[in-house]
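Okay, so the sequence shown: first residue is 0 according to numbering that gives the first Met the number 0, each after it adds one.
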Amino acid sequence: MDKAKVTLHIFTSVDGKITGSYSKAKECKPASDLFKSIGFKDDHPDSFHFQGWIYGSTTAMEFTNHNTPILKKEVEAVPTGDFIINKGKNKYFIAFDRKGKLNWQDNKTAYANEEAYVIEVLTEQASDLYKAFLREKEIPYIIAGKEEIDIPMVLKKLSSIFGLKNLLLGGGGILNWSFLEAGLIDEISLIVAPAVDGDANDTALFNSSFTGGSRPIGFTLNSAKVLDGGTLWLRYSVNNNLVKEQNNE
Numbered sequence: 000m001d002k003a004k005v006t007l008h009i010f011t012s013v014d015g016k017i018t019g020s021y022s023k024a025k026e027c028k029p030a031s032d033l034f035k036s037i038g039f040k041d042d043h044p045d046s047f048h049f050q051g052w053i054y055g056s057t058t059a060m061e062f063t064n065h066n067t068p069i070l071k072k073e074v075e076a077v078p079t080g081d082f083i084i085n086k087g088k089n090k091y092f093i094a095f096d097r098k099g100k101l102n103w104q105d106n107k108t109a110y111a112n113e114e115a116y117v118i119e120v121l122t123e124q125a126s127d128l129y130k131a132f133l134r135e136k137e138i139p140y141i142i143a144g145k146e147e148i149d150i151p152m153v154l155k156k157l158s159s160i161f162g163l164k165n166l167l168l169g170g171g172g173i174l175n176w177s178f179l180e181a182g183l184i185d186e187i188s189l190i191v192a193p194a195v196d197g198d199a200n201d202t203a204l205f206n207s208s209f210t211g212g213s214r215p216i217g218f219t220l221n222s223a224k225v226l227d228g229g230t231l232w233l234r235y236s237v238n239n240n241l242v243k244e245q246n247n248e
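Now the structure itself:
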């Protein structure tokens with residue numbers, strides 16, 4: 000399959016949480032700075048030079064102020080299939096949004112002072128009213144799956160339509176697990192901050208509750224660096240051959 004390379008590049012606490020107040024500890028600043036520099040900046044010597052950032056709808060809501068979109072009650076017939084515009088941009092924010100609930104105010108967003116054009120990933124459950132909302136905002140969307148998002152189809156379309164060959168996967172934990180379980184993560188880049196907060200409600204790096212299938216998946220450690228302030232940068236490859244064998248059992 001012609002698809003992009005997917006790197007799970009993410010900032011975590013010592014106990015593997017990707018959200019929480021631990022990030023406010025002063026000890027986390029070097030880790031946070033490194034995470035942003037190599038993941039989102041192109042001028043850092045260790046930059047991944049990602050072309051796009053993939054996030055689930057819960058994480059993406061942080062970029063839309065958690066508001067619900069106000070949709071028109073009636074719209075003209077919306078053409079079936081994908082809505083493709085804004086090709087050839089430098090960076091993309093790719094939002095997995097099954098039913099269509101994100102309230103974008105613009106067709107661009109930003110993180111770490113880096114601007115990215117939005118691409119929405121929908122299923123056939125998304126309403127024509129929401130699709131019309133995206134069209135009005137000049138936000139492209141791709142349809143992948145009837146009720147659940149077909150991740151391989153998404154990666155193929157992102158590659159063939161938008162030319163995206165190098166993508167960041169950034170959460171949340173449910174989306175991370177969905178990619179991992181499907182054998183679609185090529186590398187894991189963990190920036191581990193020397194802090195915790197003890198909150199059981201913090202989001203874990205991986206969460207199998209949506210797919211309903213927890214199981215062991217192994218990694219191979221490729222490098223480990225101790226950096227400023229006790230920050231750890233761990234890079235793993237996923238033993239995807241074993242994942243695929245398990246999927247075929």
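Cβ coordinates follow ideal geometry from the N, Cα and C atoms, glycine included.
For this session: Specify, as a first and last residue, the run of the beta strand (DSSP E) that W52 falls within.
Result: Segment G51 to G55, the beta strand (DSSP E) holding W52.
Problem set entry | V120 beta carbon less than 8 angstroms from that of W103 | Pairing W103 with V120 gives a Cβ-Cβ distance that is not under 8 angstroms.
Exercise. Around the C-beta of T11, are 16 or more other C-beta atoms found within 10 angstroms, so that it is buried, or is it exposed?
Worked result: Buried is the label assigned to T11, since at least 16 other Cβ atoms lie within 10 Å of its Cβ.
Exercise. How should P139 be labelled, buried or exposed, when 16 other C-beta atoms within 10 angstroms of its C-beta is the threshold for buried?
Worked result: By the beta-carbon neighbour count (other beta carbons within 10 angstroms, threshold 16), P139 is buried.
Problem set entry | Same chain only: Cβ atoms within 6 angstroms of K136, ignoring 5 sequence neighbours per side | Only W103 and N106 meet the Cβ criterion.
Problem set entry | Three-state secondary structure (DSSP) of F34 | Looking at F34 - three-state DSSP - the assignment turns out to be helix.
For this session: Please confirm whether H48 and D42 have their CB atoms less than 8 angstroms apart.
Result: For H48 and D42, no; Cβs fall outside 8 angstroms.
Problem set entry | C-alpha distance - T79 paired with Q124, whole-angstrom precision | Taking the CA atoms as reference points, T79 sits about 13 angstroms from Q124.
Exercise. Can you round the beta-carbon distance between V191 and L231 to whole angstroms, since I take them to be within the 8 angstroms contact cut?
Worked result: Right, their Cβ atoms sit about 4 angstroms apart.
Exercise. What runs of the alpha helix (DSSP H), each 4 residues or longer, lie entirely inside the segment 138-177?
Worked result: Entirely contained in the segment 138-177, the alpha helix (DSSP H) runs reaching 4 residues are, in chain order, 150-161.
Problem set entry | With 16 other Cβ atoms within 10 Å as the buried cut-off, status of A59 | It is buried - the Cβ of A59 has at least 16 other Cβ atoms within 10 Å.
Exercise. Who are the near neighbours of V13 in its chain, counting only those whose CB is closer than 6 angstroms to its CB and skipping five residues on each side?
Worked result: Within the same chain, Cβ atoms closer than 6 angstroms to the Cβ of V13 are found at V195, the five residues on either side in sequence being excluded.
Problem set entry | H8 - partner residues in DSSP beta bridges | In the DSSP output, where bridge partners are listed per residue, H8 has S188.
Problem set entry | Nearest-angstrom Cβ-Cβ length linking S236 and E186, presumed shorter than 8 angstroms | About 6 angstroms; that satisfies the 8 angstroms criterion.
Exercise. Which residues bound the alpha helix (DSSP H) around R134?
Worked result: Annotation: the continuous alpha helix (DSSP H) that includes R134 extends over D127 to E135.
Exercise. Is F205 helix, strand or coil by DSSP?
Worked result: Of the three classes helix, strand and coil, the one that applies to F205 here is coil, per DSSP.
Problem set entry | For N221, three-class secondary structure by DSSP | In the structure shown, N221 falls within a strand segment according to DSSP collapsed to helix, strand and coil.
For this session: If I'm right that L157 touches G228 with Cβ under 8 angstroms, what's the distance once you round it to whole angstroms?
Result: With a beta-carbon spacing of about 35 angstroms, L157 and G228 fall beyond the 8 angstroms limit used to define contacts.
For this session: Please work out which residues of its chain come closer than 6 angstroms, Cβ to Cβ, to G217, disregarding the five sequence neighbours upstream and downstream, and give them in chain order.
Result: So the qualifying residues of the chain are N238.
Problem set entry | Reduced DSSP category for L121 - H, G, I as helix; E, B as strand; rest coil | In the structure shown, L121 sits in a strand (DSSP, three-state: E or B).
Problem set entry | When K35, S159 and R134 are compared against A76, the one with the closest alpha-carbon | The residue among K35, S159 and R134 with its C-alpha nearest the C-alpha of A76 is R134.
For this session: State the DSSP-derived secondary structure class of L233, mapped to helix, strand or coil.
Result: It is a strand residue.
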